[in-house]
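Count along the sequence shown from 1, then add 460; that gives the number in the working numbering.
Ideal Cβ positions, reconstructed from N, Cα and C, are used throughout, including at glycine.
All of these numbers come straight from a predicted model, not from anything done at the bench.
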Amino acid sequence: MWIWAEESQLNPKELKKNLFLAKDNDAFIGWHLPSLEGRRGALETLWSWAKEAELNTDELLISQTVDGYTAFQFAAWKMHVQTMWKMWVWVEETQLNPKELEKNLFPAEDNNLYIALQVASSEGNIAALDTLWSWAKMLN
461 MWIWAEESQL NPKELKKNLF LAKDNDAFIG WHLPSLEGRR GALETLWSWA
511 KEAELNTDEL LISQTVDGYT AFQFAAWKMH VQTMWKMWVW VEETQLNPKE
561 LEKNLFPAED NNLYIALQVA SSEGNIAALD TLWSWAKMLN
């Protein structure tokens, strides 16, 4: 795909940004569904491509759907603890400042005003709750 962009003389960086951050009718970006489905391999590939394209990877982590869900919340909701851990590694890699994390990642509310902890607890996922709690404590 990147080769086609270069051959067609489109600005490859602009095209990549538009592809990565394009939203569907529900404001899903390409990052949301693999998070919901626990597809770590797809997320790793997308993350790698985003870095290669020199995109602001923070946007992948904090982008919200129409319903207000982040990819992180999807992973917590569907009990994809390993996916959550991988996202945490990426959070550390982006070096988001703790205030931004507190504001945009953990307490990000969906349209029902649920945060990631509530979403994980609604599914009875103790491992996800423990993980979220330990990260929240690290921020304070």
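The DSSP-derived three-state label of M539 is coil. For K511, the uninterrupted alpha helix (DSSP H) run begins and ends at 500–512, by DSSP.
Around the beta-carbon of A531, 16 or more other beta-carbon atoms lie within 10 Å, marking it buried. Rounded to the nearest whole angstrom, the CA to CA distance from W537 to E560 is 22 Å. The shortest CA-to-CA distance from H540 to any of H492, K483, A513 is the one to H492. L503 and I586 have their C-alpha atoms roughly 24 Å apart. Counted as a single uninterrupted DSSP element, the alpha helix (DSSP H) harbouring L521 occupies residues 518–522. For L496, the closest of L515, A487, F534 by C-alpha to C-alpha distance is F534.
By the neighbour-count criterion, in which a residue is buried when 16 or more other Cβ atoms sit within 10 angstroms of its Cβ, W593 is exposed. Between the C-alpha atoms of A510 and L556 there is a straight-line separation of about 16 Å. Cβ-Cβ distances below 8 Å link T517 to W507, A510, K511, W550, E553, T554 in the same chain, with the five nearest sequence neighbours on each side left out; the list follows chain order. The straight-line gap separating the alpha-carbon atoms of D527 and A487 is approximately 8 Å.
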